[in-house]
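Number 80 in my numbering belongs to position 80 of the sequence shown; there are no gaps in the numbering.
Note that the Cβ used here is the ideal one computed from N, Cα and C, for glycine as well.
All remarks here apply to the structure that follows.
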Amino acid sequence: MNNNMSTIEKKKDELVSIIKMNQAIEWIRMLSTKLNPTFILGIFIIYGLGQGFSGSLFRVVVDYYWKDVQLLQPSSLQFYLSLFFIPWILKPLWGILTDAFPIRGFHRRPYFIISGLIGTISAFVLAFSPHLRVAPALVCFVGVSASLAIADVTIDACIARSSIVVREVASDLQTLCGLCSSVGALVGFLLSGFFVHHLGPQVVERVGVTIRSMYQTIMYPQVWKPSLYMFLSLALNVSTHEGHFYWYTDSKAGPAFSQEFVGVIYAIGAVASIMGVIIYQKALKDYPFRKLLFYAQLLYALSGVVDLFFVLRWNLIIGIPDYFFVVIEETATRITGKLRWMPMMVLSTQLCPLGIEGTFFALLMCIDSIGALLSKMGGGVLLRILHITRTDFGNLWLAVLVRGMLRFATLALIFLVPKAGQHEGLLPSQHLEENLSDDNTDEETLELVPIKGGT
Numbered sequence: 001m002n003n004n005m006s007t008i009e010k011k012k013d014e015l016v017s018i019i020k021m022n023q024a025i026e027w028i029r030m031l032s033t034k035l036n037p038t039f040i041l042g043i044f045i046i047y048g049l050g051q052g053f054s055g056s057l058f059r060v061v062v063d064y065y066w067k068d069v070q071l072l073q074p075s076s077l078q079f080y081l082s083l084f085f086i087p088w089i090l091k092p093l094w095g096i097l098t099d100a101f102p103i104r105g106f107h108r109r110p111y112f113i114i115s116g117l118i119g120t121i122s123a124f125v126l127a128f129s130p131h132l133r134v135a136p137a138l139v140c141f142v143g144v145s146a147s148l149a150i151a152d153v154t155i156d157a158c159i160a161r162s163s164i165v166v167r168e169v170a171s172d173l174q175t176l177c178g179l180c181s182s183v184g185a186l187v188g189f190l191l192s193g194f195f196v197h198h199l200g201p202q203v204v205e206r207v208g209v210t211i212r213s214m215y216q217t218i219m220y221p222q223v224w225k226p227s228l229y230m231f232l233s234l235a236l237n238v239s240t241h242e243g244h245f246y247w248y249t250d251s252k253a254g255p256a257f258s259q260e261f262v263g264v265i266y267a268i269g270a271v272a273s274i275m276g277v278i279i280y281q282k283a284l285k286d287y288p289f290r291k292l293l294f295y296a297q298l299l300y301a302l303s304g305v306v307d308l309f310f311v312l313r314w315n316l317i318i319g320i321p322d323y324f325f326v327v328i329e330e331t332a333t334r335i336t337g338k339l340r341w342m343p344m345m346v347l348s349t350q351l352c353p354l355g356i357e358g359t360f361f362a363l364l365m366c367i368d369s370i371g372a373l374l375s376k377m378g379g380g381v382l383l384r385i386l387h388i389t390r391t392d393f394g395n396l397w398l399a400v401l402v403r404g405m406l407r408f409a410t411l412a413l414i415f416l417v418p419k420a421g422q423h424e425g426l427l428p429s430q431h432l433e434e435n436l437s438d439d440n441t442d443e444e445t446l447e448l449v450p451i452k453g454g455t
């Protein structure tokens, strides 16, 4: 009898899995029908393989490279890592290139090839030059970052355009991007610890029109206020990651996690990110921007309290082992972080005018990248002021406390976010029509690769 019941339960679980898989396939098919199959494939490649898999694989490798090969102090490393954001700060430049400088009649496709070449060359130099000095190594890592940034601008331009033309899929597109990125990151993080351990006039006119339109758009209160919020919410979230990483792996002051387990920690974070995306898609994508971002930021700030408990080792006092508690910490941080990030991405697409969507979305992402850069640099300053080094972690708890207080302070800025719903247009209709009338690009169908008879 018990065997029969267990067999029935297994079959029920298999049936539920099949149903969910069919729903996911139908969802992807719906997006491909409303947009274009090659465009959806481009999202899988850039967000899944590029940002998710490659980015996560490099994250653990980079941390150990600078720690064990270059032997840097955590405060110095925090500053050096901030340089990786320079290509992302230059995203408006990449956006102008894709919008105003078509190559052989194409605005997007050639830039995918260019970004791939830059990333491949930079990665090969790093892989086959084991004794690089700090400066050349930084140049190579910045090259890899530039490769990801250029590809990101290119696909984001298409995503922003789709979100404007077909507004009802704006949230679904961001969900797809988030899932691709998180699943790719999960695979990359799971493998990372193992690998680390074992192994002319017309052009000038177009540029001028693009820049003028970009300036006019950013001057609207409906645009600059939420842009300011997104910037400040990132800048005030000072990063103390490198201090945490050194502490994680320290055999005396910290829990002394192994290389493999550090990769597992990040993989757990990737799973939590997937959970955050699913929660957003299933329950939160129809909430107004201001309400959703307020509660998401509040939960994100509260998740920082878990970090403080861990650094102070209070988890051991109440009998929770480090290995278990770090799972709680990473899960809480990643889920709340994703719930905070997803609506900001949807908000960014809704602020873009047609015709210059590549440039303007790149501008918004540049603003975000500057905020992330200040977050990294601010964290480096904080670590240095509190004298947190490779071996001294006595004030790490204070750095986490300051970071947590800044996260709570961000809640006071929520008035900058519009109360509008996530599927509502935020720009004045007149401004949208002006840009639409001048929009004669080659990508009305948003094909990244022609299917039949294309060039």
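Check, Outcome
"Proximity winner among 172, 392 and 46, relative to residue 156 (alpha-carbon distances)", "46"
"Any 3 or more C-beta pairs closer than 8 Å across the stretch 379-394 and the stretch 90-102", "no"
"Top-ranked residue by Cα proximity to residue 293, from 265, 285, 270 and 343", "343"
"Any 3 or more C-beta pairs closer than 8 Å across the stretch 151-170 and the stretch 346-357", "yes"
"Every unbroken alpha helix (DSSP H) within the stretch 273-307, with a cutoff of 4 residues, ordered by chain", "none"
"Residues near residue 203 in its chain [Cβ-Cβ closer than 6 Å; skip 5 each side]", "Any reading at residue 203 needs caution, since the residue's pLDDT is 42, under 50, leaving its predicted position unreliable; the model's value is listed next. Cβ neighbours of residue 203 beyond the five flanking positions: none."
"DSSP three-state assignment for residue 205, whether helix, strand or coil", "At residue 205, the pLDDT of 48 sits below 50, so the modelled position is not reliable; the number obtained from the coordinates is stated separately. The answer is helix: DSSP assigns residue 205 an H, G or I state."
"7 Å Cβ shell around residue 417 - same chain, five flanking residues per side excluded", "226, 229, 289, 290 and 293"
"Contact check, residue 346 vs residue 297, beta carbons under 8 Å", "no"
"Stretch pair the stretch 144-154 + the stretch 395-410: three plus CB contacts closer than 8 Å", "no"
"Separation of residue 161 from residue 323, as counted between CA atoms", "44 Å"
"Every unbroken alpha helix (DSSP H) inside the stretch 107-193 [4 residues or more]", "109-127 and 134-165"
"Inter-residue CB distance, residue 79 and residue 380 (contact presumed, cutoff 8 Å)", "5 Å"
"Close Cβ partners of residue 374 (< 7 Å) along its chain, the five nearest in sequence each way excluded", "235"
"Beta carbon proximity, residue 344 to chain B, threshold 8 Å", "Judged by its chain identifiers, the structure shown contains no chain B, having just a single protein chain."
"Cβ-based neighbour list, residue 462, same chain, cut-off 7 Å, excluding 5 preceding and 5 following", "Because the chain is modelled from 1 through 455, residue 462 falls outside the range shown and cannot be assessed."
"For residue 330, the first and last residue of its enclosing alpha helix (DSSP H)", "322-350"
"C-alpha distance - residue 326 paired with residue 239, whole-angstrom precision", "17 Å"
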